[in-house]
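FYI, this note's numbering numbers position 165 of the sequence shown as 152, with every residue one higher than the one before it.
Note that beta-carbon positions come from the ideal geometry of N, C-alpha and C, so glycine has one too.
All remarks here apply to the structure that follows.
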Amino acid sequence: MVSASAPPDTTTPTSEPVPGAVTDNADSTDAGSFAVQPSSADGPGGRDYFIYTFKTGEQFGDRVAISNNGDETATFAVYATDAVNTDDGSFSLLREEEQPTDVGTWVELGATQYTLEAGEQVIIPFSITVPDDATPGDHVGAIVAQKISDASNPDGIGINVRVRVGARIYARVEGPVTQSLAIDSFSVTYDTPLTPFSGETAKVVYTVTNTGDVRLAPTADLSLSGLFGLGEHTLEQRQIPELLPGSSIQISEVVKDVKPYGRLTADLSVRAEQESVIVDASITQWTVPWAFLGIVAAVILALIAWRVVARRRAAT
């Protein structure tokens, strides 16, 4: 881990298993033609991403390398921005037209546009200044290089170009932090079959929110069962993508051949083991096959009526 007081050239790599780069338009051939990497004065090496621990009000200097790995001269806009989670929990960045409000505003890069010959690399010094009122916890963003087609644009951003690569920034501001998760919604959709011997598909939907101020990568355990635990279905543990503070993800699970054993109970447990954060939820609904019971009741009533009539005829 990098300390805010350490000189940039003495930074050591961290063993935390977080991918270093985030790429937009990964299916584009341009996406692999350039790279953004943490760097020392001598070039990239040892780090896949920027990770720091700061105190409020501190300033720290570091370097980022932009490499043109393509076979043509290219112009790049270079800027810092904030990270977000998409609806499916994926790590992403604000669009270039969106203004950062967090760690993306702490970075001062100087120049914002660089033109590199094929195979050329530039090492860019930058500084990070932590605001005095920065909240404790994790602040996540990236330093981004975006390939542009209009080098005359003073902002360095082409209108229709969204090919960009970023080196992630994970900044932890010291202070008391809260590690917490919440299950914001939890529902089960199930159409009770006509008979208790046939099964139907149950759809379970739940939303998990990181309500704390540090990033968490929780797991979810889900099971469904009938009355007295009959017909239990236990799903394979789901690994939820890393959730940034304040981010949510909605997850849908489909469970087949669920039988209507009087009552259907869904039990959900979401936990981040390393941080010992656990949140549980349970939902129950009746799954009585009323149509089948109605038919059975009608048959029984018919039999009773038949026996009454038969006895009266025999008595007569």
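Pairing CB atoms from the region 82 to 97 with CB atoms from the region 120 to 132, are three or more of them under 8 Å? yes
Going along the chain, which residues of its own chain have a beta-carbon closer than 7 Å to the beta-carbon of phenylalanine 173, five neighbours each way excluded? What you label residue 173 is simply residue 186 of the sequence shown in a count that begins at 1. Around phenylalanine 173, the same chain offers Tyr193, Leu255, Ala268, Ile270 as residues with beta carbons nearer than 7 Å, after the five sequence neighbours per side are excluded.
Of the choices Arg250, Arg202, Ala204, whose alpha-carbon is the least far from that of leucine 217? Here the question's residue 217 lines up with position 230 in the sequence shown. Closest option to leucine 217, Cα to Cα, is Arg250.
Which ranges does the alpha helix (DSSP H) cover as unbroken runs of at least 4 residues, wholly within the region 162 to 196, from first to last along the chain? none
So, is leucine 280 buried or exposed, given that buried needs 16 or more other C-beta atoms within 10 angstroms? Here the question's residue 280 lines up with position 293 in the sequence shown. Because leucine 280 carries a pLDDT of 48, less than 50, the predicted location of this residue cannot be relied on, and the following value inherits that uncertainty. Leucine 280 counts as exposed, since fewer than 16 other beta carbons sit within 10 angstroms of its beta carbon.
Reduced DSSP category for threonine 92 - H, G, I as helix; E, B as strand; rest coil: Position 105 of the sequence shown, counted from the first residue, corresponds to residue 92. Threonine 92 falls in the helix class under three-state DSSP.
Express the C-alpha separation of glycine 199 and lysine 42 in angstroms, rounding to a whole number. For the purposes of this step, residue 42 is identified with residue 55 of the sequence shown, where counting begins at 1. For the purposes of this step, residue 199 is identified with residue 212 of the sequence shown, where counting begins at 1. If you take the alpha carbons of lysine 42 and glycine 199, they lie about 19 Å apart.
With 16 other Cβ atoms within 10 Å as the buried cut-off, status of valine 241: Here residue 241 refers to the residue found at position 254 when the sequence shown is read from its first residue. Valine 241 is exposed by the Cβ-count criterion.
Which residue from Ser185, Ile135, Glu229 puts its Cα closest to that of threonine 102? In the sequence shown, counting from the first residue as 1, residue 102 sits at position 115. Restricting attention to Ser185, Ile135, Glu229, the CA atom closest to the CA of threonine 102 is found in Ile135.
Beta carbon of valine 191 nearer than 7 Å to that of glutamine 166: Counting from 1 along the sequence shown, the entry for residue 191 is found at position 204. Counting from 1 along the sequence shown, the entry for residue 166 is found at position 179. Cβ distance not < 7 Å, so valine 191 and glutamine 166 don't count as in contact.
When you compare only the Cα positions, how much space is there between glutamine 226 and alanine 207? Stepping through the sequence shown from its first residue, residue 226 is reached at position 239. Stepping through the sequence shown from its first residue, residue 207 is reached at position 220. Roughly 7 Å between the two C-alpha positions.
Is valine 152 near alanine 132, with beta carbons less than 7 Å apart? Here residue 152 refers to the residue found at position 165 of the sequence shown. Here residue 132 refers to the residue found at position 145 of the sequence shown. Their beta carbons are under 7 Å apart, which means valine 152 touches alanine 132 by this criterion.
Residues sharing a beta bridge with arginine 225, DSSP: Residue 225 sits at position 238 when you count from the first residue of the sequence shown. Beta-bridge pairing links arginine 225 to Ala207.
Under the assumption that alanine 259 contacts alanine 204 (Cβ atoms under 8 Å), give the Cβ distance between them as a whole number of angstroms. As a working mapping, residue 259 is identified with position 272 in the sequence shown. As a working mapping, residue 204 is identified with position 217 in the sequence shown. 7 Å between Cβ atoms; contact.
What are the start and end residues of the beta strand (DSSP E) that includes proline 112? In the sequence shown, residue 112 corresponds to position 125, counting from 1. Proline 112 -> beta strand (DSSP E) spans 108 to 116.
DSSP on alanine 121, reduced to helix/strand/coil? One-based indexing of the sequence shown puts residue 121 at position 134. In this structure, alanine 121 counts as coil in the three-state DSSP scheme.
Which of helix, strand or coil DSSP assigns to glycine 97: Position 110 of the sequence shown, counted from the start, is the residue given in the question as residue 97. Coil at glycine 97, not helix or strand.
Beta strand (DSSP E) containing glutamate 59: first to last residue? Within the sequence shown, residue 59 is the residue found at index 72, counting from 1. Glutamate 59 -> no beta strand (DSSP E), and no H or E assigned at all.
Near alanine 98, which residues of its chain fall below 8 Å by C-beta distance, leaving aside the five closest residues on each side in sequence? Counted from its first residue, the sequence shown places residue 98 at position 111. The answer, listed in chain order, is Val65, Ile111.
Output yes or no for whether 7 Å exceeds the beta carbon distance between glutamate 310 and alanine 105. Here the chain covers residues -12 to 303 and nothing more, so residue 310 does not appear.
For leucine 251, the first and last residue of its enclosing beta strand (DSSP E): The sequence position of residue 251 within the sequence shown is 264, counting from 1. Where leucine 251 is concerned, the enclosing beta strand (DSSP E) stretches over 249 to 259.
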